[in-house]
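One point on numbering: in the working numbering, the residue at position 362 of the sequence shown is 344, and numbering is uninterrupted. No residue lacks a Cβ here, since even glycine has one placed at the ideal position from N, Cα and C. Computed from a prediction, not measured in an experiment: that's the story for all the values here. First comes the structure, then the notes that go with it.
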Amino acid sequence: MKLSLDQDEQILGLSNIYSPPEEHSEQPREEPKVQEVDYHFDDIINDMSEIEVITERKDDSEDLEEMAAQSPVIKFVNNLISDAIHKEISDIHIEPKGKFTRIRYRIDGVLFETMQMPLKMHPAIVSRIKIMSNLDISERRLPQDGKISVVIAGRAVDLRVSTLPTSHGEKTVIRLLDSKSIMRGFEQMGMELDVLTVFKEQISLPHGILLVTGPTGSGKSTTLYSALSQMDGDRLNISTVEDPVEYELGFCNQVQVNEKIGLDFASALRSLLRQDPDVIMIGEIRDNQTAHIAVQAALTGHTVLSTLHTNDAASSVTRLVDIGIDAYLIAASLNAVLAQRLVRKICPDCKQIYQVPENMRQYVEKTGLDSQQLYYGAGCDNCRKSGYLGRIGIYELLIIDDIFKDMINKDASVVNMRQAFHQSGQPSLFDDGIKKVQQGLTTIEEVLRVTEMYERGEGNVQNDAY
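As structure tokens, this is what we get:
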């Protein structure tokens, strides 16, 4: 069916929303003209028939709400969310600019622009999202956070919504939280067998602290939830303290931090310790109080899992000292630290042998790789011309044995801890990444990107890629 659409409705035609963006020219962007647009009504109806929004709508008579309730706007937002879930996109960015609104997807950790639309459509789209997430559509001067629960083809998915006032309007980010993605086995996450065996042993210990470290978006929550799923929830009292609770887990008791009413990590942990816990998962150790209670819980016979923001496993010990925990308490309570990153996988549909340039060959051979057996993705429609599809983890695992306990008590500096880890012979993040390159799963450029080898002066090959 073909319809003649005005400028506002035209942008809601979904025939070209998800095609790769064209290169931007230096010429001023022209406003869309009235034209015949082929609506894909069958696709839209299918998407709408399988999406069920669980929300409470506020009573509000503002014009923005009326705009947000118009059928084309509802169709557009529903289709945007449904398509993102089906394509396993982690975030949707809706960004107002000077003359248009840009929509970008975060795919495998990297943002891609997917479309541009007239700026005057922006308030209606944002208001529709606010209504779905039960936010105040009349408040456009302050940031707001909300949540949407949807069911796609029988699968429950939670969406976290964040709005932020900018100079051209409210920037809106929707994060997709699919519980299906966190229940994968460690093998699917990319753990090598030797690391996996030792890590599972650490999970089964009756007491002590197990830390998972890495930057935001490195998969720490997935690792912790997967570790909890390996435990016997029927025989153990498993509790978590999170900010926010990202995934609903049926086998444990989850506590949502709410600092506005005084329920912070420390107070929630104190209460949990009176609930006869066996396993406690803390979303993040941020301060001295939380760290101190975690240490005390570990020393009194509880298993504690948590995250910490450090660059590698060895520096986690120093971070705890900086927070204010005595070295002897760290040595007595800390069992192991797992550091991790996520690297993009080479697309299997366009995977090809990589001809290593001469200026890179010497560096590649220093890593022990065979320069004749390296692969990369040439780029295809399946991977959006990026050469990558999906992600896999790289890991380093530090076991706090008696030797490390003695070192912590003597000198817990970053230099000493890293030197001791290197001397232990355990593979580092970079070493594990090189294994993934040898297996043809990823590229050297990806490993260097996430392990910060550029900043360490170990070589700069990014500009010489392919």
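Can you say whether residue i is buried or exposed, counting buried as having 16 or more other CB atoms within 10 angstroms of its CB?
i: LYS202; result: buried
i: PRO125; result: exposed
i: HIS404; result: exposed
i: SER149; result: exposed
i: THR282; result: exposed
i: GLN355; result: exposed
i: THR222; result: buried
i: GLU77; result: buried
i: ARG86; result: buried
i: LYS348; result: exposed
i: ASP294; result: buried
i: GLY415; result: buried
Just the Cα atoms here: how many angstroms apart are residue i and residue j?
i: ASP160; j: LYS392; result: 45 angstroms
i: PHE58; j: LYS367; result: 26 angstroms
i: SER298; j: SER353; result: 35 angstroms
i: ARG431; j: ASP90; result: 14 angstroms
i: GLN9; j: ALA106; result: Any reading at GLN9 needs caution, since the residue's pLDDT is 46, under 50, leaving its predicted position unreliable; the model's value is listed next. Taking the straight line joining both Cα atoms gives about 28 angstroms.
i: ILE453; j: GLN408; result: Because the chain is modelled from -17 through 448, residue 453 falls outside the range shown and cannot be assessed.
i: LEU351; j: ARG343; result: 10 angstroms
i: GLY422; j: TYR357; result: 6 angstroms
i: PHE233; j: MET103; result: 43 angstroms
i: VAL346; j: LEU231; result: 44 angstroms
i: THR433; j: PHE247; result: 30 angstroms
i: GLU428; j: ALA66; result: 24 angstroms
i: CYS329; j: ASN364; result: 8 angstroms
i: LYS495; j: ARG326; result: The displayed coordinates of the chain run from -17 to 448. Any statement about residue 495 would go beyond what the structure contains.
i: TYR436; j: ASN116; result: Low confidence applies to TYR436: its pLDDT is 36, below 50, so where it sits in the model is not reliable, and the reading given next is rough at best. Their Cα atoms are separated by approximately 44 angstroms.
i: VAL239; j: VAL419; result: 40 angstroms
i: THR205; j: LYS182; result: 12 angstroms
i: ASN398; j: PRO197; result: 22 angstroms
i: SER109; j: ILE119; result: 6 angstroms
i: ALA273; j: HIS68; result: 39 angstroms
i: PHE386; j: ALA296; result: 10 angstroms
i: LEU426; j: ILE335; result: In the sequence under discussion, the amino acid at residue 426 is Ile, which differs from the Leu named in the question. Their backbone Cα atoms lie some 13 angstroms apart in a straight line.
i: SER249; j: ARG137; result: 34 angstroms
i: TYR207; j: MET97; result: 34 angstroms
i: PRO259; j: ILE220; result: 6 angstroms
i: ARG122; j: GLU152; result: 7 angstroms
i: ASP308; j: THR179; result: 30 angstroms
i: ASN28; j: ASN60; result: Reliability of the predicted coordinates at ASN28 is poor, the pLDDT of 44 falling under 50, and the value obtained from them is presented with this limitation in mind. Taking the straight line from one Cα to the other gives about 11 angstroms.
Is the beta carbon of residue i less than 8 angstroms from the beta carbon of residue j?
i: ILE275; j: ARG252; result: yes
i: LEU411; j: ALA318; result: no
i: ILE156; j: VAL143; result: yes
i: TYR132; j: LEU141; result: Position check: residue 132 holds Val in this sequence, whereas Tyr was assumed. Yes, the Cβ-Cβ distance between VAL132 and LEU141 is below 8 angstroms.
i: HIS75; j: LEU62; result: no
i: LYS81; j: LEU101; result: yes
i: ALA360; j: GLY369; result: yes
i: ILE243; j: GLN212; result: no
i: LEU311; j: VAL277; result: yes
i: LEU316; j: VAL261; result: no
i: ARG88; j: SER72; result: yes
Per the DSSP calculation, residue i is bridged to which residue(s)?
i: VAL143; result: GLY128, ILE156
i: GLY375; result: LEU324
i: ILE75; result: Residue 75 is actually His in this sequence, not Ile. Bridge partners of HIS75: ARG86, VAL155.
i: GLU95; result: ARG86
i: THR289; result: VAL194
i: GLN334; result: TYR358
- Quick one: any contact between the region 287 to 306 and the region 178 to 198, if contact means 3 or more CB pairs under 8 angstroms? Yes: the two stretches touch, three or more of their Cβ pairs being nearer than 8 angstroms.
- Query: Touching or not, the region 220 to 230 and the region 317 to 332, by the rule of three or more beta carbon pairs under 8 angstroms?
  - Reply: In the pairwise beta carbon analysis, the region 220 to 230 is classified as not touching the region 317 to 332: fewer than three pairs are separated by under 8 angstroms.
- Query: Is there contact between the region 167 to 179 and the region 262 to 277, where contact requires at least three CB pairs shorter than 8 angstroms?
  - Reply: Segments in contact, no.
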